[in-house]
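So the sequence lines, in the order shown, correspond to chains X and A. Read in order, the letters of the first sequence are residues 2 to 300 in my numbering. Read in order, the letters of the second sequence are residues 9 to 494 in my numbering. The beta-carbon is built from N, C-alpha and C at its ideal position, and this holds for glycine as well.
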Amino acid sequence: MAPSSPRPAWSRPSAARRAAAWVGRDGWRHLVMLVVLVFALFPILFVVSAALNPLGTLSSSSLVPRSVGADNLVELLTRTRFGAWYANSLLIALANSAATVFLSAMAAYVFSRFRFAGRRLGLYGLLMVQMFPQFLAIVAIYLMFSVVGEHWPQVGFNTRTGLLLVYLGGALSVNTWLMKGFFDTVPRELDESAQVDGASHAQVFFRILLPLVTPVLAVVGLLVFISTVNEFLIASVFLRDPGAKTVAVGLYGMVADQRDANFGMFSAGTLLLAIPVLAVFWYLQRYIVSGLTTGAVKG
Amino acid sequence: MFPLYAAGQWLGVGVVAAATALIFYVYLSRRAIPAKYLLPGTLLLVAFQIVPVVYTLSTSVTNYSDGHRGAKEQAVDQIEASSVVRTEDAAEYTLTVAARGPAATGELVFLLTAPDGTAYAGDAEGLTRLEGAEVGPTGRITEAPGYTVIPAGEANARSAEITKFAVPTGTGTGIRSSGFSSAYEGRSTRVYDAACDCVTDTETGRVYTADDERGAFVAGNGDRLAQGWQVNVGVANFTRFLTDPVTGTSFFGILAWNIAFAAVSTAGVFAVGLGVALTLHTPRRLAGRTAYRLLVVLPYAMPAFAMFLLWRSMFNTDFGLVNRLLGTDVDWFGEPWAARAAVLAINVWIGFPYMFLVATGALQSIPRELVQAARIDGAGAWQAFRSITLPLLMVAMAPILVATFAYNFNNFNAVWLTTAGGPFPPDNPMAGATDLLITYTYRLAFGVGGAQYGYAAALSVFIFLIVTLISLVSLRRSAALEEVHR
Numbered sequence: 002m003a004p005s006s007p008r009p010a011w012s013r014p015s016a017a018r019r020a021a022a023w024v025g026r027d028g029w030r031h032l033v034m035l036v037v038l039v040f041a042l043f044p045i046l047f048v049v050s051a052a053l054n055p056l057g058t059l060s061s062s063s064l065v066p067r068s069v070g071a072d073n074l075v076e077l078l079t080r081t082r083f084g085a086w087y088a089n090s091l092l093i094a095l096a097n098s099a100a101t102v103f104l105s106a107m108a109a110y111v112f113s114r115f116r117f118a119g120r121r122l123g124l125y126g127l128l129m130v131q132m133f134p135q136f137l138a139i140v141a142i143y144l145m146f147s148v149v150g151e152h153w154p155q156v157g158f159n160t161r162t163g164l165l166l167v168y169l170g171g172a173l174s175v176n177t178w179l180m181k182g183f184f185d186t187v188p189r190e191l192d193e194s195a196q197v198d199g200a201s202h203a204q205v206f207f208r209i210l211l212p213l214v215t216p217v218l219a220v221v222g223l224l225v226f227i228s229t230v231n232e233f234l235i236a237s238v239f240l241r242d243p244g245a246k247t248v249a250v251g252l253y254g255m256v257a258d259q260r261d262a263n264f265g266m267f268s269a270g271t272l273l274l275a276i277p278v279l280a281v282f283w284y285l286q287r288y289i290v291s292g293l294t295t296g297a298v299k300g
Numbered sequence: 009m010f011p012l013y014a015a016g017q018w019l020g021v022g023v024v025a026a027a028t029a030l031i032f033y034v035y036l037s038r039r040a041i042p043a044k045y046l047l048p049g050t051l052l053l054v055a056f057q058i059v060p061v062v063y064t065l066s067t068s069v070t071n072y073s074d075g076h077r078g079a080k081e082q083a084v085d086q087i088e089a090s091s092v093v094r095t096e097d098a099a100e101y102t103l104t105v106a107a108r109g110p111a112a113t114g115e116l117v118f119l120l121t122a123p124d125g126t127a128y129a130g131d132a133e134g135l136t137r138l139e140g141a142e143v144g145p146t147g148r149i150t151e152a153p154g155y156t157v158i159p160a161g162e163a164n165a166r167s168a169e170i171t172k173f174a175v176p177t178g179t180g181t182g183i184r185s186s187g188f189s190s191a192y193e194g195r196s197t198r199v200y201d202a203a204c205d206c207v208t209d210t211e212t213g214r215v216y217t218a219d220d221e222r223g224a225f226v227a228g229n230g231d232r233l234a235q236g237w238q239v240n241v242g243v244a245n246f247t248r249f250l251t252d253p254v255t256g257t258s259f260f261g262i263l264a265w266n267i268a269f270a271a272v273s274t275a276g277v278f279a280v281g282l283g284v285a286l287t288l289h290t291p292r293r294l295a296g297r298t299a300y301r302l303l304v305v306l307p308y309a310m311p312a313f314a315m316f317l318l319w320r321s322m323f324n325t326d327f328g329l330v331n332r333l334l335g336t337d338v339d340w341f342g343e344p345w346a347a348r349a350a351v352l353a354i355n356v357w358i359g360f361p362y363m364f365l366v367a368t369g370a371l372q373s374i375p376r377e378l379v380q381a382a383r384i385d386g387a388g389a390w391q392a393f394r395s396i397t398l399p400l401l402m403v404a405m406a407p408i409l410v411a412t413f414a415y416n417f418n419n420f421n422a423v424w425l426t427t428a429g430g431p432f433p434p435d436n437p438m439a440g441a442t443d444l445l446i447t448y449t450y451r452l453a454f455g456v457g458g459a460q461y462g463y464a465a466a467l468s469v470f471i472f473l474i475v476t477l478i479s480l481v482s483l484r485r486s487a488a489l490e491e492v493h494r
């Protein structure tokens, strides 16, 4: 931390001068970060503390727990069907992000590499559809699946497949734009030379381009994973059986009535849900910064 | 396809056949290469986004709302059923109030046990036999597949609706509830006559004539029966906020706050995110830089919906952490401006780590030589930042800022999960101080004060136009779309 610049030996700066020099050089960075970290982390500290607080109510929770116990976790796992919710959330989120990455990458490939009638319309259309407030569509989706469920119960209400299908309706979206931007940064000469060597369009896509755009695939996968885990509006209409809920729907039910009794269980559930997200985040972190920015910078 | 064929759903058969033919054509032909890559995503997009949106658009020109849901015949059935009075020999049923969908908002259904023990489900259409229901010791149905039993607490909240609810059982008869646990079948006092297309009240002798423009039965003095039917009302839903002063005032008030909310949120996350990124951006070695980066991003990795709910609890007046830490006693979600400040603070907390990630990436892509050259030429640190770094940064960040603005304009969760739109002025329970257009629309469409679906659909068209306009204008000015025109 000490300033590393050489200093004439005859001047012996006072402690105050040294502190001022430290602040002026890099110290202010640490001071700013201290303030930012307090703002960023105190709610998270509060969740952790509330999850450990054995009384499990909001009014008895504080920033630093007075006593520590796993009571909330035990209660969460035994009194509710949290295990089933958790499995549902992870399964739906993983399936949705995998399928979305694949469908979106295919679309980004043709939008980046081919020129065809309806290309501009398609690109603008994807943005436009996203801007329509989707939740009103719940009524139409409800009517649609009431009919579908009568004939194919395996994709009707209360099924993960049905909910996944609805989510996949949004597979082509802003994410496709992000991916297309990244595809554009890969020089066309690469696929042209492969085509000269006899590669088909599918070989160019799978063997040449996909490995080169891994960062953006990782980022879109992560973004979709996070937003699927967080989605609760459609899920709450779609999944009604206690065992078929996702974590978002289940946790919302715990605190929906504003009463503070279930607060400890809710906090414990929140932390458990953060674990897979953090794991995916940690695993993909080296891709994130380049994936987020390159597509946007090149447009 | 076979279940559809068996059920005689010819429209469904046609759709499935057309989709199958399209798939075969695209993948078997050697041409149409782009279509091979676009088809799966596009089919899903059409089925689960475009069709629902078109359906919403089509209802925006109707009076679809509570009391105007179905066809005229259903309205007549409902009028006759809901006017029933208890007769001497009325059949008594054991009642369980249930819903299709969530208990608080789903369509009401009466689960009934007849005196002979048979279980029925009764909705606005009529009675159907109920299979697989679990019956308690008193003969009351406790659970039935496909229905949510409404617990007593929530039934109280919907009691007005339950009292009005009636199940038609035939011409001139219907089932109504008496309390939440029993129901009776009685005889109608209001009777429809097809010859005059009117409903006559046999007790008062009043005649209500059908008005096919408004979708209701209207008496000579202008009184309307509550049960109507769905009709086309043209642009009435769209002009309503211009012609109706109450809706007009709330619409423009909400619109102003909505724009302010999106703008301040975007500016806030940009300022904090960029500030943190600049703080950590130095060519020298900075002790703990990696640790700082990971800790700052931590809020982004927490489940956002849960963090909104957590913040709501932290702003709780009586037990909330914020009041306890600050030693204040502010009714955060009870005062309009306190609630607005709280919602904005929460939204900045949720959003700044993402902006920090993006700004870090953008800063790293700016060549350091440019700034160094400016400094050598005598520019101060601030001047170099203003004239070199910031303009280059904005080129990369502008599309993301536009996207953030558009996202926050419709940020349903940020408001619904925290203040739920409140606090509400005493004279208008439909439009709160922190309501965004989207939460206001949601309340109109699914709220407890009676669903006004047609009007909500019209509003969502407005939201769509506003957001699209803002986004297209600003994206067009940024470089992001240049390539599309190439």
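In chain order, 41, 42, 43, 44, 45 and 46 make up the part of chain A whose C-beta sits under 9 Å from the C-beta of residue 111 of chain X.
Contact with chain X is absent for residue 429 of chain A, since none of that chain's Cβ atoms lies less than 7 Å from the residue's Cβ. With respect to residue 101 of chain X, residue 172 of chain X sits close: the two C-beta atoms are nearer than 7 Å.
Residues of the stretch 323 to 334 of chain A with a C-beta atom less than 9 Å from some C-beta of chain X are 324, 326, 327, 328, 329, 332 and 333, listed in chain order. Counting only runs of at least 4 residues, the stretch 115 to 142 of chain X fully encloses the following alpha helix (DSSP H) elements, listed from N- to C-terminal order: 120 to 131. Under the DSSP assignment, residue 176 of chain A falls in the beta strand (DSSP E) whose first and last residues are 174 to 178. In the DSSP annotation of this structure, the continuous segment of the alpha helix (DSSP H) that includes residue 267 of chain A starts and ends at 253 to 287.
Membership of residue 251 of chain X in the alpha helix (DSSP H) is indicated by the continuous run 248 to 256.
With contacts defined by Cβ atoms closer than 7 Å, residue 330 of chain A and residue 414 of chain A do not form a contacting pair.
Counting only residues of its own chain and dropping the five nearest sequence neighbours on each side, residue 165 of chain X has a CB closer than 7 Å to the CB of 93, 96 and 97. For the C-beta of residue 34 of chain X, the chain A residues within less than 9 Å are, from N- to C-terminus, 284, 287, 288, 296, 300, 303 and 304. Counting C-beta pairs closer than 8 Å gives fewer than three between the stretch 69 to 87 of chain X and the stretch 341 to 351 of chain A, which falls short of the contact rule.
Under the 7 Å criterion on CB atoms, residue 225 of chain A is classed as non-interfacial with respect to chain X. The Cβ neighbour count for residue 191 of chain A, taken over all protein chains shown within 10 Å, is at least 16; the residue is labelled buried.
Residues of the stretch 73 to 102 of chain X whose Cβ lies closer than 7 Å to any Cβ of chain A: none. Using a Cβ distance threshold of 7 Å, residue 305 of chain A and residue 360 of chain A do not count as a contacting pair. Interface criterion met: the Cβ of residue 475 of chain A is under 7 Å from a Cβ in chain X. Among the CB atoms of chain X, none fall inside 7 Å of the CB of residue 363 of chain A. If you check each beta-carbon in the stretch 55 to 68 of chain X against every beta-carbon of chain A, the ones closer than 9 Å belong to 58, 59, 60, 61, 62, 63 and 64. Taking CB atoms only, residue 30 of chain X has a neighbour in chain A less than 7 Å away. Not a single CB atom of chain A sits nearer than 7 Å to the CB of residue 176 of chain X.
Around the beta carbon of residue 30 of chain X, a 10 Å sphere encloses 16 or more other beta carbons of the protein chains shown; the residue is thus reported as buried. In the structure shown, residue 107 of chain A falls within a strand segment according to DSSP collapsed to helix, strand and coil. Contact check for residue 272 of chain A against residue 364 of chain A fails: the beta carbons are separated by 7 Å or more. In this structure, DSSP gives residue 169 of chain X a helical state, which the three-state scheme calls helix.
Residues of the same chain with a CB within less than 7 Å of the CB of residue 100 of chain A, apart from the 5 flanking positions on each side, are 123, 190 and 192 in chain order.
Per DSSP, residue 131 of chain A is one residue of the beta strand (DSSP E) stretching across 127 to 131. A direct Cα-to-Cα measurement between residue 56 of chain A and residue 138 of chain X gives close to 9 Å. Contact note: residue 289 of chain X reaches chain A through 365, using a C-beta cutoff of 8 Å and chain order. Interface criterion met: the Cβ of residue 63 of chain A is under 7 Å from a Cβ in chain X. DSSP, read as helix, strand or coil, puts residue 189 of chain X in helix. Within chain X, 143, 238 and 241 have C-beta atoms less than 8 Å from the C-beta of residue 109 of chain A, given in sequence order. Cβ atoms of residue 252 of chain X and residue 271 of chain X come within 8 Å of each other, at about 7 Å. In the DSSP secondary-structure assignment, residue 182 of chain A is bridged to A:176 and A:194.
Residues of the stretch 206 to 225 of chain X with a C-beta atom less than 7 Å from some C-beta of chain A do not occur. The alpha-carbon of residue 279 of chain X is positioned some 10 Å away from that of residue 227 of chain X.
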